[in-house]
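Report on one structure; see the data block that follows.
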Amino acid sequence: MPAHLIAFSSVVPTDTLQELTALKDDVLTRTSDNRYLVPGEINNVHYAAALSTALSDAYLFAPSFEVKRTRPRIIPSEVSQLKFDLGNPKVCEFKPPLALVPTEELSFYGKASANVRVVGLALLGSTALEAPPSGEVRVVRCTSNTTLTPFEWTTCKLTPDISLEAGTYALVGFKAISDNAIAARVIVRGQLYRPGVPALAGREPAVWAHGKRYDELCKLMNFGTFGHLDIPEIQFLSSAADDTEVVYLYLVKTG
Numbered sequence: 029m030p031a032h033l034i035a036f037s038s039v040v041p042t043d044t045l046q047e048l049t050a051l052k053d054d055v056l057t058r059t060s061d062n063r064y065l066v067p068g069e070i071n072n073v074h075y076a077a078a079l080s081t082a083l084s085d086a087y088l089f090a091p092s093f094e095v096k097r098t099r100p101r102i103i104p105s106e107v108s109q110l111k112f113d114l115g116n117p118k119v120c121e122f123k124p125p126l127a128l129v130p131t132e133e134l135s136f137y138g139k140a141s142a143n144v145r146v147v148g149l150a151l152l153g154s155t156a157l158e159a160p161p162s163g164e165v166r167v168v169r170c171t172s173n174t175t176l177t178p179f180e181w182t183t184c185k186l187t188p189d190i191s192l193e194a195g196t197y198a199l200v201g202f203k204a205i206s207d208n209a210i211a212a213r214v215i216v217r218g219q220l221y222r223p224g225v226p227a228l229a230g231r232e233p234a235v236w237a238h239g240k241r242y243d244e245l246c247k248l249m250n251f252g253t254f255g256h257l258d259i260p261e262i263q264f265l266s267s268a269a270d271d272t273e274v275v276y277l278y279l280v281k282t283g
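To convert, count from 1 in the sequence shown and add 28; that's the numbering used here.
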């Protein structure tokens, strides 16, 4: 039951609806600068988000949506900042998920009341995301000092504060933190797709004061399984060249 977080970002002219640039993705195929090809096994949109300092409209676009005469608007949205509200992150969840036609193109349109940048996110996945396994949840704090490239996915190798006990672990959630983080997705060895969540913009301990809503978004599914010597890597999407990252991994030992 795979999932993969995709992102779009462009500076849009004032009061002009524009198809956003699809960020380079080393997993999915871009059919143009603005569109992704939808894989057959992850052809459902589970959630989407739109962020800008002056956002006025945002929606997903695909040929199958046009056939149905619908343009799924991203409501609620972060209309006044390029980061998620820590207390109540504005994420549009689709229940049931929006079904796409395999191999069609997916794009993201945005509009703002000023000449500013708009960022769009969408989590693609199978019809039902894999539920996390039951068991005691262990929280492992990890760090990285990677310089992030603004508005691109940047891969960060994580160093855990404490080594993991030998065995196999399921990643059942994670919280990614940097000063200007927008979103993050996980790279698990041997797993093609990269599920992701909204990130927390700021630094410890200020970002700890977030609400229940953030916990729900960061524990959506089983993000992948790995051995104790194969700590996953995290790809950050940020609005600036942050160089200090903290990631909390929520783990269940499965073997």
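Glycine included, C-beta positions come from ideal geometry on N, C-alpha and C.
Since this is a predicted model, take the numbers as computed values, not measurements.
Bridge-paired residues (DSSP) for residue i
i, result
"Gln109", "Ser80"
"Asp85", "Lys139"
"Glu180", "Note: Glu180 sits in no beta bridge, so no partner."
"Ala31", "Gly153"
"Glu47", "Tyr137"
"Ser37", "Val147"
"Phe202", "Leu277"
"Ser60", "Arg63"
"Val216", "None, per the DSSP bridge assignment."
"Ala209", "Ser266"
DSSP-derived helix/strand/coil call for residue i
i, result
"Arg99", "coil"
"Leu257", "coil"
"Val225", "strand"
"Ala234", "helix"
"Phe264", "strand"
"Pro188", "strand"
"Lys52", "coil"
"Leu245", "helix"
"Glu193", "coil"
"Gly68", "helix"
Residue closest to residue i, alpha-carbon to alpha-carbon, out of the options
i, options, result
"Arg241", "Leu83, Asn116, Glu121, Val39", "Asn116"
"Asp189", "Ala209, Ala204, Thr175, Val168", "Val168"
"Pro41", "Thr57, Ser84, Ala78", "Ser84"
"Asn143", "Lys281, Pro226, Ser80, Val275", "Ser80"
"Val280", "Phe254, Pro124, Pro130, Leu220", "Phe254"
"Pro130", "Val119, Ala90, Asp258, Ala159", "Ala90"
"Leu126", "Val165, Leu110, Thr98, Gln263", "Thr98"
"Ala229", "Lys247, Val95, Val147, Ser266", "Ser266"
"Asp271", "Ile210, Asp258, Cys184, Leu199", "Cys184"
"Ala269", "Leu128, Phe36, Ile34, Asn173", "Asn173"
"Cys120", "Leu128, Phe112, Ile102, Lys111", "Ile102"
"Pro223", "Val73, Leu88, Leu134, Thr196", "Val73"
"Val20", "Ile205, Arg217, Glu133, Val66", "As shown, the chain starts at 29 and ends at 283. That puts residue 20 outside it, with no answer to give."
"Gly218", "Asp258, Glu193, Leu110", "Asp258"
"Ala263", "Gly201, Ile215, Lys52, Ala50", "Checking the displayed sequence, the identity of residue 263 turns out to be Gln instead of Ala. If we check each option's Cα against that of Gln263, Ile215 comes out closest."
"Val66", "Arg166, Ala78, Ala31, Val200", "Ala31"
"Arg231", "Asn250, Asn208, Gly252, Met249", "Asn208"
"Lys134", "Gly252, Val39, Thr57, Glu261", "The residue asked about is misnamed: residue 134 is Leu in this sequence, not Lys. Of the listed residues, the one whose Cα sits closest to Leu134 is Thr57."
"Glu261", "Gly283, Cys246, Leu199, Leu248", "Leu199"
If you pair each beta-carbon of the segment 128 to 143 with each one of the segment 40 to 53, do three or more pairs fall below 8 Å? yes
Are at least three pairs of beta-carbons, each pair with one atom in the segment 178 to 193 and one in the segment 149 to 158, less than 8 Å apart? no
Is the segment 103 to 122 touching the segment 53 to 65 in the sense that three or more CB pairs, one from each, lie closer than 8 Å? no
Sequence ranges, alpha helix (DSSP H) only - wholly within the segment 112 to 178, length at least 4: none
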